[in-house]
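Going by my numbering, the first residue of the sequence shown is number 4, and it counts up by one from there. The beta carbon of each residue, even a glycine, is placed where N, CA and C say it ideally should be. Predicted, not measured: the structure shown is a model, and the values here were computed from it. Since the structure comes first, as structure tokens, the remarks are kept for the end.
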Amino acid sequence: MSTETSDKDILRGGQFLVKETNCDDIFTLEDLNEEQKMMRESTKEFVDRELWAHWERFEKKDYAYTEETMRKAGELGLLSVAVPESYGGMGMGFVSTMLVCDYISGATGSFSTAFGAHTGIGTMPITLYGTEEQKQKYVPKLASGEWFGAYCLTEPGAGSDANSGKTKAVLSEDGKTYSITGQKMWISNAGFCNLFIVFARIEDDKNITGFIVENDPSNGITLGDEEKKLGIHSSSTRQVFFNETKVAVENMLSTRGNGFKIAMNALNVGRIKLAAACLEAQRRVINEAVNYANERIQFKTPIVNFGAIKAKLADMTTNAYVGESACYRAAKNIEDRIAIRESEGNTHQEAELKGVEEYAIECSILKVAVSEDVQHTADEGVQIFGGMGFSADTPMESAWRDARIARIYEGTNEINRMLAVGMLVKKAMKGHVDLLGPATAVGEELMGITSFDTPDFSELFAEEKDILKRLKKVFLMVAGSAVQKFGPELEKHQQLMLAASDILIEVYMAESALLRTEKNAKRFGEEAQATQIAMSKLYLYNATETIIKKGKEAIVSFAEGDEQRMMLMGLKRFTKYTNYPNVVALRTQIADKVAADNGYTFD
Numbered sequence: 004m005s006t007e008t009s010d011k012d013i014l015r016g017g018q019f020l021v022k023e024t025n026c027d028d029i030f031t032l033e034d035l036n037e038e039q040k041m042m043r044e045s046t047k048e049f050v051d052r053e054l055w056a057h058w059e060r061f062e063k064k065d066y067a068y069t070e071e072t073m074r075k076a077g078e079l080g081l082l083s084v085a086v087p088e089s090y091g092g093m094g095m096g097f098v099s100t101m102l103v104c105d106y107i108s109g110a111t112g113s114f115s116t117a118f119g120a121h122t123g124i125g126t127m128p129i130t131l132y133g134t135e136e137q138k139q140k141y142v143p144k145l146a147s148g149e150w151f152g153a154y155c156l157t158e159p160g161a162g163s164d165a166n167s168g169k170t171k172a173v174l175s176e177d178g179k180t181y182s183i184t185g186q187k188m189w190i191s192n193a194g195f196c197n198l199f200i201v202f203a204r205i206e207d208d209k210n211i212t213g214f215i216v217e218n219d220p221s222n223g224i225t226l227g228d229e230e231k232k233l234g235i236h237s238s239s240t241r242q243v244f245f246n247e248t249k250v251a252v253e254n255m256l257s258t259r260g261n262g263f264k265i266a267m268n269a270l271n272v273g274r275i276k277l278a279a280a281c282l283e284a285q286r287r288v289i290n291e292a293v294n295y296a297n298e299r300i301q302f303k304t305p306i307v308n309f310g311a312i313k314a315k316l317a318d319m320t321t322n323a324y325v326g327e328s329a330c331y332r333a334a335k336n337i338e339d340r341i342a343i344r345e346s347e348g349n350t351h352q353e354a355e356l357k358g359v360e361e362y363a364i365e366c367s368i369l370k371v372a373v374s375e376d377v378q379h380t381a382d383e384g385v386q387i388f389g390g391m392g393f394s395a396d397t398p399m400e401s402a403w404r405d406a407r408i409a410r411i412y413e414g415t416n417e418i419n420r421m422l423a424v425g426m427l428v429k430k431a432m433k434g435h436v437d438l439l440g441p442a443t444a445v446g447e448e449l450m451g452i453t454s455f456d457t458p459d460f461s462e463l464f465a466e467e468k469d470i471l472k473r474l475k476k477v478f479l480m481v482a483g484s485a486v487q488k489f490g491p492e493l494e495k496h497q498q499l500m501l502a503a504s505d506i507l508i509e510v511y512m513a514e515s516a517l518l519r520t521e522k523n524a525k526r527f528g529e530e531a532q533a534t535q536i537a538m539s540k541l542y543l544y545n546a547t548e549t550i551i552k553k554g555k556e557a558i559v560s561f562a563e564g565d566e567q568r569m570m571l572m573g574l575k576r577f578t579k580y581t582n583y584p585n586v587v588a589l590r591t592q593i594a595d596k597v598a599a600d601n602g603y604t605f606d
């Protein structure tokens, strides 16, 4: 573990809400070391050569080409970044695995899905839960791309309720094998995988159990036809049927009944990796949109000069920058937490599991925020292209369709919104995050007399940081009152949880951008960070408007009378600017920068 890691006070998951973070303590893309920069460049070269140059092949359902490019990625070591060296991998840190996932995923959703399914949920459950024998037998083949993996969790009657699957595993009389029977659906990589991670229920167990199942058609395994999908056309997606498929008892993954936990922890990693996978897609859409807007002449001028186009480009660019800021902040938190646990004697398996689990709230936040940003960015990209954006002859149309799945898999965004708030409340109940103290303090503040002193906002981000502190109070006010009113029944009030979650998400994303920009302004100078400063201010303004809307929606829906009036007054006080930013000027500044650079240049 590095001295830097041990000397820093690393916040626990969810503590960003109640503790101040120093900008020097967060990791940014500008902190990449030389090895990481080289890894990024080699990944981008592979993508440009093998994927971006042939994006039309992926749209024509060329499944064989997806498999071919996956093998090439394996030859370059890109499938083994997260795999420990002892099993044929590169054994790189969590930030580096995020980096590869980010930059390999932007050209086509088809390859991105195949890559994510294989390296994440297809391989990771074995590296994190497998026995030494299982890891030695399977992981090197998966790391090299000799074999490909798939993950069989979802069933026709069990979507978001993952633990309700009906697939059965029956132990043989001699106790040597399990016989698995059932149906799985939406299985990515099913058409070319060699190995399935399968979840099934033994007898009437409360929780499902995981198994490693080799794909042998003679062993009762059949596949449905390739699914006809809105997007990710060349991602192999099929139903998988198991009919008394024999699996050796040694191929049980972890212990009996531990499958649900395996599935949930795999999804935690999958969520933050999915967020990363949406970043490069945004950058590439922005690049294409800016390039087109610079060249497209209407009314005798490039359309990039029109304010309506500038507004779109500014919002697209800002969202990409903020997404990067939050993703790499969380990734380094996870990496540091893993290092601390390893230094305390945990195995790599234990350390990684607990490190990611610690930041499950942030993983859900990122999954929601960045998946929605990539859809918005692709939608605006289509709009900037106009009629050409609607044509399958340009990559905008496929980018728009491919983006849509991101809000569904790794747990729908609705599920993840409720998880983020639910997990935070549970952490508070366990004493891992002190929400009660700060929430009580906010309640007392509402009863107090408002100060009319004008603070000194002369330093960079002084006012923005003050607003951010108050936005956190909005969440504490709303969520604290809701928990007090409904207690354990809060989970039944889904619309309130969704509103609270949106406040939580906006706070984390806005803070991440401010911290990244503040850190870089200190070392590179404010002038060099002028556009980043503009993006951070623009995002905070938009976040505040969202929080006003969601806070009001929640307050008027569960509070009445004096309590409602007091909370609405608090909402107004906590979201008030002393000096409003010039939103049009900020957007113009950002758009002019990307127009001059002919693309996104902030990574």
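Of the residues M188, I387, E247 and C366, the one whose Cα lies closest to the Cα of G310 is I387. Taking N336 as reference, the option from V21, D28 and E23 with the minimal CA-CA separation is D28.
For V428, the closest C-alpha among the options T415, V486 and S394 is that of V486. Ranking G77, C26, V103 and I13 by CA distance to the CA of E38 puts V103 first. The criterion of a C-beta distance shorter than 9 Å is not satisfied by A153 and I215. In the same chain as V307, and ignoring 5 residues on each side of it, the C-beta atoms closer than 6 Å to its own belong to A296, N297 and A598, in chain order. In terms of Cα proximity to R519, the closest of I190, N294, L541 and R332 is R332.
Taking the CA atoms as reference points, R15 sits about 37 Å from G564.
Secondary structure of T170 (DSSP, three-state): coil. In this structure, T225 sits near F244, with a CB-CB distance shorter than 9 Å. About 7 Å separates the beta carbons of G260 and K209, which is inside the 8 Å limit, making them a contact pair.
With contacts defined by Cβ atoms closer than 9 Å, I129 and C155 do not form a contacting pair.
By alpha-carbon distance to T547, the top candidate from F478, A531, T534 and V587 is F478. Taken through DSSP and simplified to helix, strand or coil, K232 comes out as coil. Distances from the CA of N222 to each of K472, E229, I183 and M432 were compared; the closest alpha carbon is that of I183.
Judged by pairs of C-beta atoms under 8 Å, the region 131 to 143 does not touch the region 363 to 379, as fewer than three such pairs exist. One Cα belongs to R74, the other to A284, and the distance between them is close to 22 Å. With fewer than 16 neighbouring CB atoms inside 10 Å of its own CB, V252 falls in the exposed class. Taking all protein chains in view, the Cβ of P398 is crowded by 16 or more other Cβ atoms within 10 Å, so the residue is classified as buried.
For I558, the uninterrupted alpha helix (DSSP H) run begins and ends at A533 to F561, by DSSP. The three-state reading of DSSP puts M188 in strand, counting E and B together. Counting along the chain, the unbroken beta strand (DSSP E) around V201 starts and ends at L198 to I205. Contact between the region 513 to 533 and the region 491 to 501 is not established, with fewer than three Cβ pairs separated by less than 8 Å.
In the three-state reduction of the DSSP assignment, N268 falls in the helix class.
Taking the C-beta atoms as reference points, E413 is found nearer than 9 Å to L277. Between L282 and G326 a beta carbon distance of about 6 Å is seen, short of the 8 Å cut, so the two are scored as contacting. The C-alpha of K249 is placed about 10 Å away from the C-alpha of E217.
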